[in-house]
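*Asks:*
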Amino acid sequence: MANTLDPMDLKQIITLHLDGYSNRKIGATLGISRNTVNSYIGLFKGSDYSFKELLSFDTTGLASLFPSHTTINNPRYDELMRYFEGVNKARNHPGFTFLYHYGEYSERAANPYSYTQFMEHYRRKYTKQKGSMKLEHQAGNDMFIDYAGKKLHIVDKTTGELIAVEVFVAILPNSQYTYVEACSSQKREDLIRCSENALYFYGGVPKAIVSDNLKSAVTRSSKYEAQINRSFKDFARHYNCVINPTRSYSPQDKALVENAVHLAYQRIYYPLREMTFFSLEELNKEIRILLEKYNNLLFKRKEASRLELFQSVEREYLKPLPTSRYELKEYRRAKVQKIGYIYFSPDKTYYSVPYRYIGRETTIHYTTSTVEVYYNHQRIALHSRNPSKGSYITNKEHLNSTHKHYSDWSPEFFKNKAAQHGTHVASCVTQIIASVDYPEIGYKRAMGLIQLHKSYGSDRLDNACKRALQADAVGYRRIENILKNNLDQSSLFFQDEQQEKSHIPKHQNTRGASNYN
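Okay, so the sequence shown: first residue is -17 according to the working numbering, each after it adds one.
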C-alpha cells in the first residue's frame, strides 16, 4: 500500500465508505492515494466482519487485523521528483524533448523508472491546466471552520485594559448557515470547544470538518497529506466525522468560509463597534442576537434565508450528535516504576498498572475525569482522576501476590501494629514515617523496626526505642544497633535516667537562688 496509515485513519476510511463516498472521493477527502483506499477497502471486504463491525473495533484490534505497511521506495521517488524540478525549468527551451531528459535521468539514477512511469509521474506533478474551479457542495458533507483575521475586544473591569479576543466562524457550505463565537485564543482547547459548540448549534454532525491549516488543528501542513493534531482527530472520532484540512496554496478550498468572515465583519463587527463588553459571555450573547438576524436575511436569488435553506435541505443530511460531549484529552509519557506505578506529573500523583509492565515506557491519555495508561496502543489501566498531590491510586488487580500484602499499608496501619509492642515503639514508627517524602520507604523501615521484636522481644524493643527517643536518634539501624550491643540493658542507660533526677530531695525549707542575692 502506498501510505502507512494508523488505525484512526482506517476508521475514517470506513466511516466515509459507510457514508456513501467513492474510493476516489475518500482518497481526495483524506489526502490519501486512491490505490491505498482501494487496497484497504478490498481488505475490509475480504475480512470476516462487516464495515459496521469493523468500526466498533478499538484501535488495537483494528491494527492487528490490518497492519499498515508501505511499498514506496521513497529515496527512488524523491530522486525523480528532484530531477523533475530541473526538467520543468527547461520546458520552454528550443529543442526540448522528454526522451532526451529521460535518457539523462536513466544514466544518473541507480534504479530508474521506466519511460512510461517517468511520464506518468511528470504529468501528475505538472498538470497542463491549473485553473480554479467552482466547488459544488453537497448537503451535510462539510462544515468549514476558520478564525477571523480581525479581533474583537473586551474590557478588564479592574484595570480598564482592552483585551483582544479571537472570533471563530463556522459555515455549512450548502445552505451557508453560519455560526460565530468569540473565544480567548486559537489554541487547541478553544478550537475544539468552538467546533463542538458549532455542532450543537447545527444540531447534527457533517461528514467532514474542513479547517484551514491552523497550528491548533494541523501538526504539519501539506498540500497532499497534512498531519492532523492528535486531539483534534480524537475529537472527530468521538463525533463520527473526519478532519479534512484545506490544501496549501488552494484559496478556492476556503473561499466560502473567508466570504463568511467578511460578511461577519459587516453584519456583526460593525453593529458592535460602539458597544463595550466586560466578559466573553456578554459579547457572545450579543453576537448570537446579531447572528440570528444575519441567518434570517434573504438571499436575493434564492428567495430564502440561510436558516430556511438549512431547515428545508441540509439539516436532514447531518448525522445525529452522540449522547455525551467530548472530553479533551491530553497526553504524557511515563515509565512504569519498580513499585508498579506511573508518575502522573500534572497532578504529581501515582497510578498503578499491571506489574508485568514494570520498566516499560507508556503513554498516558487523560481528561478532567479519567486517566488511561496505554502500552503499544493498548490500554492497560483506567483510573478516575485524583487531583490530590502525592496520592497513590491503586487497583489491587494490578498487584502480584507479593505486592497485594502492601496495598493496605498506611501510617495508621503501622501505628496500630507498633502499639502492640509499646508506646515508645509506636512513637518511633510515627517519626520514621514522617521523616521521609516517599511513603513506601518509611513503611519498609517501620516494618523492619517492628519485626525486631521477633529476635529481642517486645519489652527490649520498647526500651531500645525509649533510649533512641531520648538521644534523638530514631532510626531502624540505630535501634537495631542498640539491641545488638545490649545498650537497652546497660547500667549506663539506667544511670542516665537517674542523672535526669535531682540529687537534692524535695523539702519545704529548700530555698531557691533568689534568697542569695
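No residue lacks a Cβ here, since even glycine has one placed at the ideal position from N, Cα and C.
Report buried or exposed for L144, applying the criterion of at least 16 other Cβ atoms within 10 angstroms of its Cβ.
*Replies:* So L144 ends up on the exposed side.
*Asks:* With the cut-off set at 8 Å, would you say L465 and L434 are in Cβ contact?
*Replies:* In this structure, L434 lies closer than 8 Å to L465 by Cβ.
*Asks:* Quick check on DSSP: helix, strand or coil for E89?
*Replies:* If DSSP states are grouped into helix, strand and coil, E89 belongs with the helices.
*Asks:* Does the structure place the region 120 to 138 close enough to the region 293 to 307 that three or more beta carbon pairs sit under 8 Å?
*Replies:* Touching, yes, given that three or more Cβ pairs across the two stretches are closer than 8 Å.
*Asks:* Compare the C-alpha of K317 against each of P304, T344, L291 and name the closest.
*Replies:* Checking every option, the nearest Cα to that of K317 belongs to T344.
*Asks:* Could you give the distance in angstroms between the alpha-carbon of E61 and the alpha-carbon of G68?
*Replies:* When rounded, the distance between both Cα atoms is 12 Å.
*Asks:* Less than 8 Å between the C-beta atoms of V407 and C447, yes or no?
*Replies:* It is a contact, given that the beta carbons lie within the stated cut-off.
*Asks:* What residue from T141, I136, F150 has the CA that sits closest to L504's CA?
*Replies:* In the structure displayed, the chain extends from -17 to 499; residue 504 sits before or after that span and is not available.
*Asks:* I need the straight-line Cα distance from Q413 to A400, nearest angstrom please.
*Replies:* Their Cα atoms are separated by approximately 12 Å.
*Asks:* Quick check on Y161: buried or exposed, where buried means 16 or more other Cβ atoms within 10 Å of its Cβ?
*Replies:* That one is buried.
*Asks:* For the region 338 to 358 against the region 317 to 327, do three or more pairs of beta-carbon atoms, one drawn from each stretch, fall closer than 8 Å, so that the two count as touching?
*Replies:* Enough Cβ pairs lie closer than 8 Å, so yes.
*Asks:* Can you tell which of Y108, K311, D40 has the C-alpha that lies nearest to the C-alpha of N70?
*Replies:* Closest by alpha carbon: Y108.
*Asks:* If we call anything under 8 Å between Cβ atoms a contact, is Y247 one with K133?
*Replies:* No.
*Asks:* Using CA coordinates, which residue listed in E394, P393, N226 is at the minimum distance from V574?
*Replies:* Look at the range of the chain in this structure, -17 to 499, and you will see that residue 574 is not part of it.
*Asks:* Could you check the C-alpha separation between Y425 and T350 for me, to the nearest Å?
*Replies:* If you take the alpha carbons of Y425 and T350, they lie about 31 Å apart.
*Asks:* DSSP three-state label for T160, please.
*Replies:* In the structure shown, T160 sits in a strand (DSSP, three-state: E or B).
*Asks:* If we ignore side chains and look at the alpha-carbon of each, how far apart do T79 and G85 end up?
*Replies:* Answer to the nearest angstrom: the Cα atoms are 10 Å apart.
*Asks:* Hey, out of L300, Q360, P304, N156, whose CA is closest to S287's CA?
*Replies:* Among L300, Q360, P304, N156, the Cα nearest to that of S287 belongs to N156.
*Asks:* Cutting at 8 Å between CB atoms, please list the residues of its own chain near L272, excluding the five before and the five after it.
*Replies:* Within the same chain, L272 has close Cβ partners R249, I250, P253, L254.
*Asks:* Looking at the unbroken beta strand (DSSP E) that takes in D124, where does it start and where does it end?
*Replies:* It spans 124 to 129 - the beta strand (DSSP E) in which D124 sits, taken as one unbroken run.
*Asks:* Just to check my reading of the structure: V187 and Y221 have Cβ atoms closer than 8 Å, yes? What is that Cβ distance to the nearest angstrom?
*Replies:* Indeed, because the Cβ distance is near 5 Å, the residues count as touching under 8 Å.
*Asks:* Flag this pair as yes or no: are the beta carbons of H347 and Y356 separated by less than 8 Å?
*Replies:* Yes, they are a contact pair.
*Asks:* Reducing DSSP to helix, strand and coil, say where A146 ends up.
*Replies:* Of the three classes helix, strand and coil, the one that applies to A146 here is strand, per DSSP.
*Asks:* Using the Cβ count rule (16 or more neighbours within 10 Å means buried), how would you classify K112?
*Replies:* With a pLDDT of only 45 at K112, under the threshold of 50, the placement of this residue in the model should not be trusted, and no figure is reported.
*Asks:* With a cut-off of 8 Å on the beta carbons, I'd call A190 and T376 a contact; round off their distance for me.
*Replies:* That belief does not hold up - the Cβ atoms of A190 and T376 are roughly 43 Å apart, past 8 Å.
*Asks:* Taking the alpha carbon of I153 as the point to measure from, which residue in M257, E102, L181 has its own alpha carbon closest?
*Replies:* The option with the nearest alpha carbon to I153 is L181.
*Asks:* Check whether the Cβ atoms of L262 and V147 lie closer than 8 Å to each other.
*Replies:* Taking 8 Å as the Cβ cut-off, L262 and V147 qualify as a contacting pair.
*Asks:* What residue from Y308, P302, N278 has the CA that sits closest to F292's CA?
*Replies:* Checking every option, the nearest Cα to that of F292 belongs to N278.
*Asks:* Can you give, in chain order, each stretch of the beta strand (DSSP E) that sits fully within the region 265 to 318 and has at least 3 residues?
*Replies:* Fully enclosed beta strand (DSSP E) runs of 3 or longer: 312 to 317.
*Asks:* Using only CA atoms, which one of M63, A72, V456 lies nearest to E102?
*Replies:* Per the Cα distances, M63.
*Asks:* At 4 residues or longer, and completely inside the region 343 to 420: list those alpha helix (DSSP H) runs for me, N to C.
*Replies:* Runs of the alpha helix (DSSP H) inside the region 343 to 420: 383 to 386, 393 to 401, 405 to 416.
*Asks:* Can you name the start and end residues of the beta strand (DSSP E) that S193 belongs to?
*Replies:* From DSSP, the beta strand (DSSP E) with S193 extends over 190 to 193.
*Asks:* Given the structure, does N266 come close to the ligand ATP, in the sense that its CB is under 7 Å from one of the ligand's heavy atoms?
*Replies:* The model on display carries no ligand, and the ligand ATP is accordingly not part of it.
*Asks:* Output the boundary residues of the beta strand (DSSP E) element that contains V137.
*Replies:* From DSSP, the beta strand (DSSP E) with V137 extends over 134 to 137.
*Asks:* With respect to the beta strand (DSSP E) encompassing S334, which residues constitute its N-terminal and C-terminal limits?
*Replies:* Taken as a continuous stretch (DSSP letters only), the beta strand (DSSP E) holding S334 covers 331 to 334.
*Asks:* Are E171 and Y308 touching if we call contact CB-CB under 8 Å?
*Replies:* The answer is no: Cβ separation not under 8 Å.
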